[in-house]
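Enquirer: In this note's numbering, the protein residues as written are -17 to 117. Sharing a structure with you now.
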């Protein structure tokens, strides 16, 4: 059982935490599907479920508070013509540019790869090295 899941649960027996773990039913269902329908149907089942839940996700309304507040402020600015309606989550000039976000999110892992040292113990115990390892 991983730590974040146990940290979110109240002080109850840990056996109840196993029922909330999302990884548990996958191998069990996959084993039954494999035995009864064959190994190819495991992939088909995953594809079908991904499609169903993807469509459900597209029809679900937005619930993230910063997005809702930003949309409300934009609507009020449009309706009233008053530019004072601002959410603290509204984009400033130049923010929210798609190209800038893509560059930023591609640049971060590369910077971390070369600036964050990790201990690596090679297979030979006499050599302990501080190296950068792409994980």
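Built from N, CA and C at the ideal position, the CB exists for glycine as well. As the structure is a computational prediction, the values presented were derived from the model and not from experiment.
Just checking my contact of residue 71 with residue 51 at CB under 8 angstroms: how many whole Å lie between their CB atoms?
Expert: A Cβ-Cβ distance of about 5 angstroms is found for the pair residue 71 and residue 51, placing them in contact under the 8 angstroms criterion.
Enquirer: If contacts are defined as beta-carbon pairs under 8 angstroms, then residue 59 and residue 46 qualify, I think. What distance do you get, rounded to the angstrom?
Expert: Residue 59 to residue 46, Cβ: 20 angstroms. No contact.
Enquirer: Could you check where the alpha helix (DSSP H) with residue 16 kicks off and where it finishes?
Expert: 7 to 19 is the extent of the alpha helix (DSSP H) around residue 16.
Enquirer: Could you check what DSSP says for residue 35 in three-state terms: helix, strand or coil?
Expert: helix
Enquirer: How far does the alpha helix (DSSP H) with residue 65 in it reach, from first residue to last?
Expert: That residue, residue 65, is in no alpha helix (DSSP H); it is neither H nor E in DSSP.
Enquirer: Anyone know if the C-beta pair for residue 15 and residue 27 falls short of 9 angstroms?
Expert: yes
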